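Visitor:
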Amino acid sequence: MVLYTRCNQMGQQHEYLRESYGLIDLSALGIHVYWPIRGPQGLCFSLTPHAGFEYSRSSNPNHDALECTLVGLEAGAGHAIAFAAGSATTATILQSLGPNVHVLSVNDVYGSTFRYMTKVAKETMGTETTFLDLENAADDEILGALKENTKLIWIESPTNPTLRLIDIPCIVGHACRAPLKPLVLMDNTFLSPFYGSPLLQSADIVIHSLTKYVNGHSDVVMGTAILPSLSTPDRDYESLIQKLHFLQNAHSAVLSAFNCWLAQRGAKTLTVWMKAHSQNALRVASFLTSHPAVKHVIYPSLASHPLHALARSSLSPHTQQFISTLPPSALAHGIPYGGMVSFCLCGGAWSAEALLPNLRLFTLAESLGGVESLSELPARMTHASILPAEREALGIEGLVRLSCGIEEAEDLVEDLRVTRWYTIV
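For the sequence shown, my numbering gives the first residue as 2, with consecutive numbering after it.
What follows is the structure, given as structure tokens:
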């Protein structure tokens with residue numbers, strides 16, 4: 002099945018609902034205690050067996066159906082666990098590594114991930130994290146950063162918010178040469194399952210903040226970890242998924258039935274709005290490159306971007322097919338590559354602070370990936386927990402991040418065009 006069909010069918014089929022729950026329509030089904038199993042003679046209310054739903058903290062039918070949908074969305078997936086938040090996903094994965102381990106992470110990592118690694122995992126589990134520019138680091142530098150107790154390599158690509166790109170197959174190759182052959186985790190939130198398929202590039206774990214593109218309506222908070230279907234001699238995915246399930250249940254990082262239902266609703270149209278997000282972002286990025294008040298635009302798939310070829314090679318098979326249907330005129334400045342655009346103003350941070358409240362269609366807010374367009378200043382908002390000197394070194398100070406929604410592209414460009422840039426530069 003193509004991705005659009007999987008979005009609408011995985012976890013939704015009447016056969017799946019009938020066989021698993023005896024239901025025709027799985028609307029939001031909040032089950033607090035004990036769900037009986039449907040047997041040959043109807044529902045069985047004896048003490049055993051049951052259908053696996055003893056208590057909502059452990060799971061519920063909507064939760065299972067959502068996880069089935071997620072497996073269908075992520076190419077190469079065999080397992081998915083839905084969590085109460087993206088940060089709960091991060092915490093559970095790092096806890097699963099055990100105490101006194103080493104993690105190698107891209108240096109430009111999401112602010113909450115950075116905070117958990119440095120302020121929580123370090124203090125409570127003795128986790129040591131090395132932050133490295135995995136976009137520009139030489140092979141010897143990456144191999145030198147891997148230690149005897151390195152159990153995880155944490156990647157974002159594009160990174161949040163500077164949109165750095167990481168060569169996933171290259172990092173996987175380095176991981177295979179390390180003593181413990183650490184797991185390679187890819188945070189695929191910015192690209193979504195439509196634009197990125199890290200499991201097909203041999204990543205071990207893919208995570209998403211489902212709050213963002215997969216749900217798409219800015220009305221839930223949730224996350225997920227997705228793993229391949231087949232274990233290898235070096236990778237026991239079955240044991241890892243069981244451990245993550247156990248930890249999730251132990252500290253109650255479980256979604257409500259209603260939020261699961263909302264996320265499934267959103268996922269049905271993922272492919273439709275991801276095309277709109279990315280085409281709008283490409284149009285906005287193209288406009289910003291010619292604006293006199295803009296110093297630098299970051300959108301990795303712009304034809305002028307130095308890593309344009311890497312961006313194109315990282316696209317999922319279904320996105321490659323989508324791009325092949327676009328007319329040459331739509332690709333004159335680059336190719337669609339998700340809905341996130343970052344840029345710096347000639348006037349620096351103070352100009353950015355003056356600009357954002359003046360925008361009409363780009364609402365000033367921290368989130369991203371919803372149908373509405375948003376803007377933010379990461380140094381003052383999502384990445385405020387990072388020290389100023391480190392933000393400066395990473396290129397975050399003064400950076401503006403846009404999440405392009407699904408409004409009409411020319412309306413978004415007009416919003417940027419008519420804003421009083423010149424009075425604040």
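A virtual CB, placed ideally from N, CA and C, is assigned to each residue, including glycine. Predicted, not measured: the structure shown is a model, and the values here were computed from it.
1. Please report the distance separating the alpha-carbon of Glu415 from that of Met341.
2. In chain order, what residues of the same chain have a beta carbon less than 6 Å from the beta carbon of Glu129, not counting five sequence neighbours either side?
3. Work out the CA separation of Asp141 and Asp220 for me, nearest whole Å.
4. Taking all protein chains shown into account, do 16 or more other C-beta atoms lie within 10 angstroms of the C-beta of Lys213, making it buried, or fewer, making it exposed?
5. Quick check: what's the CA-CA separation for Glu239 versus Leu228?
6. With burial defined as no fewer than 16 other Cβ atoms inside 10 Å of the residue's Cβ, what is the status of Phe132: buried or exposed?
7. Are the segment 298-310 and the segment 330-349 touching, with three or more C-beta to C-beta distances below 8 Å?
8. Does the pairing of the segment 193-203 with the segment 53-66 give three or more beta-carbon distances under 8 Å?
9. Can you tell me whether Pro293 is helix, strand or coil according to DSSP?
10. Please report the distance separating the alpha-carbon of Leu248 from that of Val255.
11. To the nearest angstrom, report how far apart Ala92 and Tyr117 are at their CA atoms.
12. Taking buried to mean at least 16 other C-beta atoms within 10 Å of its own C-beta, is Gln243 buried or exposed?
13. For Thr400 and Pro162, which I take to be in contact (beta-carbon distance under 8 Å), what is that distance rounded to the nearest angstrom?
14. Return yes when the Cβ of Glu149 is within less than 8 Å of the Cβ of Pro180, no when it is not.
15. For Val255, which three-state DSSP category applies?
16. So Cys171 is in the alpha helix (DSSP H); what residue range does that whole segment cover?
17. Taking C-beta to C-beta, are Leu71 and Ala83 nearer than 8 Å?
18. Val372: which of Pro293, Ala294, Leu271 sits nearest, CA to CA?
19. Near Leu357, what residues of its chain come up, given a Cβ to Cβ distance below 8 Å and the 5 sequence neighbours on each side ignored?
20. Can you give the Cα-Cα distance for Lys156 and Gly335, rounded to whole angstroms?
21. In terms of alpha-carbon separation, which member of Ser210, Gly79, Leu303 lies closest to Thr190?
22. If the criterion is Cβ atoms closer than 8 Å, does the pair Val185 and Asp205 meet it?
23. Less than 8 Å between C-beta atoms, sequence neighbours within five positions excluded: which residues of the same chain meet that for Leu245?
24. Using three-state DSSP, classify His103 as helix, strand or coil.
25. Hey, could you find the ends of the alpha helix (DSSP H) Cys69 is sitting in?
26. Please classify Ala286: is it buried, with 16 or more other beta-carbons within 10 angstroms of its beta-carbon, or exposed?
27. Is the CB-CB distance between Ser404 and Leu360 below 8 Å?
28. Exposed or buried, Cys177, counting other C-beta atoms within 10 Å across all chains shown (16 or more means buried)?
29. Among residues of its own chain, excluding the 5 on either side of Leu413, which ones have a beta-carbon nearer than 7 Å to its beta-carbon?
30. Rounded C-beta distance between Ala277 and Ile407? I'm assuming under 8 Å.
31. How is Lys182 classed by DSSP in three states: helix, strand or coil?
32. Does the Cβ-Cβ distance between Thr90 and Gly224 come in under 8 Å?
33. Closest to Pro337 by C-alpha separation, out of Gln322, Ala350, Gly349, Trp351, would be which residue?
34. With H, G and I counted as helix, E and B as strand and the rest as coil, what does DSSP make of Ser210?
35. Any idea if Thr383 is buried or exposed, counting beta-carbon neighbours within 10 angstroms, 16 or more meaning buried?
36. Label Trp183 either buried or exposed according to how many other C-beta atoms from any shown protein chain fall within 10 Å of its C-beta, with 16 as the threshold for buried.
Guide: On the basis of the coordinates in this document:
1. C-alpha separation (whole angstroms): 18 Å.
2. Within the same chain, Glu129 has close Cβ partners His103.
3. In a straight line, the C-alpha of Asp220 is about 44 Å away from that of Asp141.
4. Per the 10 Å Cβ criterion, buried.
5. Answer to the nearest angstrom: the Cα atoms are 9 Å apart.
6. Here Phe132 is buried: its Cβ has 16 or more other Cβ atoms, across all protein chains shown, within 10 Å.
7. Yes, the segment 298-310 touches the segment 330-349.
8. The segment 193-203 vs the segment 53-66: no contact.
9. DSSP places Pro293 in coil when its eight states are reduced to three.
10. For Leu248 and Val255, the gap between their C-alpha atoms comes out near 11 Å.
11. Looking at the two C-alpha atoms, the distance is approximately 7 Å.
12. Exposed, by the Cβ-count rule.
13. Checking the sequence shown, residue 400 turns out to be Leu, not Thr. Contact flag correct, Cβ pair sits at about 6 Å.
14. Contact annotation: Pro180 and Glu149 have beta-carbon atoms nearer than 8 Å.
15. Reduced to three states, the DSSP call for Val255 is coil.
16. Element bounds for Cys171: 169-178.
17. The criterion of a C-beta distance shorter than 8 Å is satisfied by Leu71 and Ala83.
18. Just measuring C-alpha positions, the residue of Pro293, Ala294, Leu271 sitting nearest Val372 is Leu271.
19. Correct list, in chain order: Phe363, Leu365, Ser376, Glu377, Leu378, Val401.
20. According to the sequence as given, residue 156 is Ile; it is not Lys. The C-alpha of Gly335 is placed about 24 Å away from the C-alpha of Ile156.
21. Distances from the CA of Thr190 to each of Ser210, Gly79, Leu303 were compared; the closest alpha carbon is that of Ser210.
22. Closer than 8 Å, so yes.
23. Contacts found: Ile82, Thr93, Ile94, Ser97, Ala226.
24. Shown here, His103 sits in a strand according to DSSP, grouped into three states.
25. DSSP places Cys69 in the uninterrupted alpha helix (DSSP H) bounded by 62-74.
26. Counting other Cβ atoms within 10 Å of its Cβ, Ala286 reaches 16 or more and is therefore classed as buried.
27. No.
28. Label assigned to Cys177: exposed.
29. Hits under 7 Å: Asn281, Val285, Leu362, Ser374, Cys405.
30. Yes, Ala277 and Ile407 are in contact; Cβ-Cβ is about 4 Å, under 8 Å.
31. Coil at Lys182, not helix or strand.
32. Going by C-beta atoms, Thr90 is nearer than 8 Å to Gly224.
33. The shortest Cα separation from Pro337 among Gln322, Ala350, Gly349, Trp351 belongs to Gln322.
34. DSSP places Ser210 in strand when its eight states are reduced to three.
35. Buried is the call here.
36. The sequence shown places Pro at residue 183, rather than the Trp named in the question. With 16 or more neighbouring CB atoms inside 10 Å of its own CB, Pro183 falls in the buried class.
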